[in-house]
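Residue numbers (UniProt numbering): 1 to 322. Note that beta-carbon positions come from the ideal geometry of N, C-alpha and C, so glycine has one too. Remarks on the structure that follows.
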C-alpha cells in the first residue's frame, strides 16, 4: 500500500474513532453507558451539545486532513438536530370545544428559598387547578397560601424524610371540590396523589424525582419507574413536578413509554429550559415537566421566573378528553 492510500485509510479510521468519541456523551444509551457517570448528567444538555458539534465540524473543514471527520460529525449533528426540532416546532392539536381544561403549575421552591410573593402572584395570575411545589415543607406551603387567603386553595404536604428536599407540597383550587390527598410510598422523595372532587376520574400527582447524582443514579432510575407505573395504570393521570430528567434521558422516555407524554415538547415548548434558572436560556435544560396520559390533550406550556430558586416555574394547560 503506497503512502497516499495508507494515509487515507488512517484518516478514515481516525475519523470514525472521533465520531464515536463525540457520539458517546451525546447518545450514551447507544453504547450502554446511560447509567454511568458522567453520561446521565451530560446527556441532559444534548441540544446544546449538538450545536457545539456542528460548529466544531464547520471549523474542522478548514483543514483538508480533518474533512472526513468533519463530514461525519456534521451528519451526526444534523440528524440529531432533526430529532430535536419537533420539540420546538410541534403544535397542540385542537381539543373538542366542550372539553374540560385543567391548568397545572410547577414551582420548585428550593427548600423555601423561592420568593413566596412571586409564587403567590403567579398563582393569582394563572389560576391553576393544581400547584405542585417540590421542596416545599409545610411552613413554606402555608407561607404561600397565606398570601392567597381569598383564593381558598387547599394544601397538603408529603415529606418521607428529614431532608428539606424530600418534601413535596400541593395547593388545590376550590373549584376541584372535596378532593382526597394521599402519598404514594413508591418514590424516594415526597409525592402527593390528588383524587376525587370534581376531577371525575382524573388523578393528579405532584412529583419530585431524585437527581442523577454520581452516587444516586440507581435511585434516580427507581423513582422514574414509579412514573412508568402511574402512566401505565388505567386512570387518566397528570404527573407534575421536578423530574430531574429530560426527554434526552432514555430512562425518562422509557418511563413515559407509550402511555404518557410531556406537555412541553408536545406543544412546541420542549426547548424552554427550566434549570438552572440563573443561567442564560441557551444553557438551561428542561427537567420540570407536566406529564399526561393519552386521555388528556396537551394545549399550552409556559415557563416563568421566580426569584430565589434555581428553577423556572412551569404552567401547562391540558384538556380532558371524554
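- Range of the contiguous beta strand (DSSP E) that encloses residue 222: Here residue 222 corresponds to residue number 222 of the chain shown, with the count starting at 1. Residue 222 -> not in any beta strand (DSSP E); alpha helix (DSSP H) instead, spanning 217-232.
- In this structure, does DSSP put residue 101 in helix, strand or coil? Locating residue 101 in the chain shown gives position 101, counting from the first residue. Three-state DSSP puts residue 101 in a strand.
- Message: One question on the structure: do residue 268 and residue 89 come within less than 8 Å of each other, judged by their Cβ atoms?
- Response: Taking the first residue of the chain shown as 1, we reach residue 268 at position 268. Taking the first residue of the chain shown as 1, we reach residue 89 at position 89. In this structure, residue 89 lies closer than 8 Å to residue 268 by Cβ.
- Query: Do residue 135 and residue 108 have their CB atoms nearer than 8 Å?
  - Reply: As a working note, residue 135 is residue 135 in the chain shown. As a working note, residue 108 is residue 108 in the chain shown. Closer than 8 Å, so yes.
- Message: Less than 6 Å between C-beta atoms, sequence neighbours within five positions excluded: which residues of the same chain meet that for residue 160?
- Response: What you label residue 160 is simply residue 160 of the chain shown in a count that begins at 1. So the list reads 166 and 190, once near-sequence residues are dropped.
- Applying the criterion that 16 or more other CB atoms from any shown protein chain within 10 Å of the CB defines a buried residue, is residue 137 buried or exposed? What you label residue 137 is simply residue 137 of the chain shown in a count that begins at 1. By the 10 Å Cβ count, residue 137 comes out buried.
- residue 192 and residue 236 closer than 8 Å at C-beta: Residue mapping note: residue 192 aligns to position 192 of the chain shown, counting from 1. Residue mapping note: residue 236 aligns to position 236 of the chain shown, counting from 1. No, they are not a contact pair.
- Under a Cβ-count criterion, where at least 16 other Cβ atoms within 10 Å of its own Cβ denotes burial, should residue 252 be classed as buried or exposed? Position 252 of the chain shown, counted from the start, is the residue given in the question as residue 252. Buried, because 16 or more other Cβ atoms sit within 10 Å of the Cβ of residue 252.
- Item | Neighbour-count burial assignment, residue 288, 16 or more Cβ in a 10 Å radius | As a first step, residue 288 is located in the chain shown; it is residue number 288 there, counting from the start. With 16 or more Cβ atoms within 10 Å of its Cβ, residue 288 is classed as buried.
- Message: Please identify the residue among 13, 12, 32 and 43 whose C-alpha is closest to the C-alpha of residue 25.
- Response: Counting from 1 along the chain shown, the entry for residue 25 is found at position 25. Among 13, 12, 32 and 43, the Cα nearest to that of residue 25 belongs to 43.
- DSSP state of residue 134 mapped onto helix, strand, coil: To locate residue 134, count along the chain shown from 1; it is residue 134. Note: residue 134 maps to strand in three-state DSSP.
- Separation of residue 34 from residue 241, as counted between CA atoms: Translated into the one-based positions of the chain shown, residue 241 becomes position 241. Translated into the one-based positions of the chain shown, residue 34 becomes position 34. So the two alpha carbons sit approximately 23 Å from each other.
- Item | Distance between beta carbons of residue 175 and residue 129, contact taken as under 8 Å | Here residue 129 is taken as the residue at index 129 of the chain shown, counted from 1. Here residue 175 is taken as the residue at index 175 of the chain shown, counted from 1. About 7 Å separates the two Cβ atoms, so the contact holds.
- For the segment 92-104 and the segment 56-70, state whether three or more C-beta atom pairs, one from each stretch, are separated by less than 8 Å. no
- Collapsed DSSP secondary structure at residue 207 in the structure displayed: As a working note, residue 207 is residue 207 in the chain shown. In this structure, residue 207 counts as strand in the three-state DSSP scheme.
- Task: Would you tell me roughly how many angstroms separate the C-alpha atoms of residue 263 and residue 255, rounded to the nearest one?
- Result: On the chain shown, position 263 is the one that residue 263 refers to. On the chain shown, position 255 is the one that residue 255 refers to. Computed Cα separation, rounded: 15 Å.
- Item | Bounding residues of the beta strand (DSSP E) (the contiguous stretch that carries residue 322) | Reading the chain shown from its first residue, position 322 is the one you call residue 322. It is not in any beta strand (DSSP E) - residue 322 carries neither H nor E in the DSSP assignment.
- Message: Comparing C-alpha positions only, which one of 297, 163 and 280 sits nearest to residue 259?
- Response: As a working note, residue 259 is residue 259 in the chain shown. When each option's Cα is compared against that of residue 259, the closest is 297.
- Mind pulling the beta strand (DSSP E) runs of 3 or more residues that sit fully within the segment 40-112? 100-106
- Query: What span of residues does the alpha helix (DSSP H) with residue 287 cover, start to end?
  - Reply: The residue given as residue 287 occupies position 287 in the chain shown. Looking at the DSSP string, residue 287 is not in any alpha helix (DSSP H), and its letter there is neither H nor E.
- Are the beta-carbon atoms of residue 239 and residue 227 separated by less than 8 Å? Against the chain shown, residue 239 aligns to sequence position 239. Against the chain shown, residue 227 aligns to sequence position 227. Cβ atoms of residue 239 and residue 227: closer than 8 Å.
- Query: Cα separation between residue 117 and residue 65?
  - Reply: Counted from its first residue, the chain shown places residue 117 at position 117. Counted from its first residue, the chain shown places residue 65 at position 65. Computed Cα separation, rounded: 59 Å.
- Task: Using alpha carbons as the reference points, say which of 87, 301 and 245 lies closest to residue 276.
- Result: Working through the chain shown from its first residue, we reach residue 276 at position 276. Checking every option, the nearest Cα to that of residue 276 belongs to 245.
- Task: Express the C-alpha separation of residue 17 and residue 61 in angstroms, rounding to a whole number.
- Result: Within the chain shown, the letter at position 61 stands for residue 61. Within the chain shown, the letter at position 17 stands for residue 17. So the alpha carbons of these two residues sit roughly 17 Å apart.
- Item | Where residue 301 sits in the DSSP three-state scheme | Here residue 301 refers to the residue found at position 301 when the chain shown is read from its first residue. Here residue 301 sits in strand by DSSP.
- Cross-strand partners of residue 153 (DSSP beta bridge): Counted from its first residue, the chain shown places residue 153 at position 153. Answer by DSSP bridge pairing: none, since residue 153 is not bridged.
- Just the Cα atoms here: how many angstroms apart are residue 122 and residue 145? Counted from its first residue, the chain shown places residue 122 at position 122. Counted from its first residue, the chain shown places residue 145 at position 145. Whole-angstrom Cα-Cα distance: 12 Å.
- Item | Rounded straight-line distance, which links the Cα of residue 39 to that of residue 28 | Here residue 28 is taken as the residue at index 28 of the chain shown, counted from 1. Here residue 39 is taken as the residue at index 39 of the chain shown, counted from 1. Whole-angstrom Cα-Cα distance: 6 Å.
- Please state whether DSSP places residue 274 in a helix, a strand or coil. Taking the first residue of the chain shown as 1, we reach residue 274 at position 274. DSSP places residue 274 in coil when its eight states are reduced to three.
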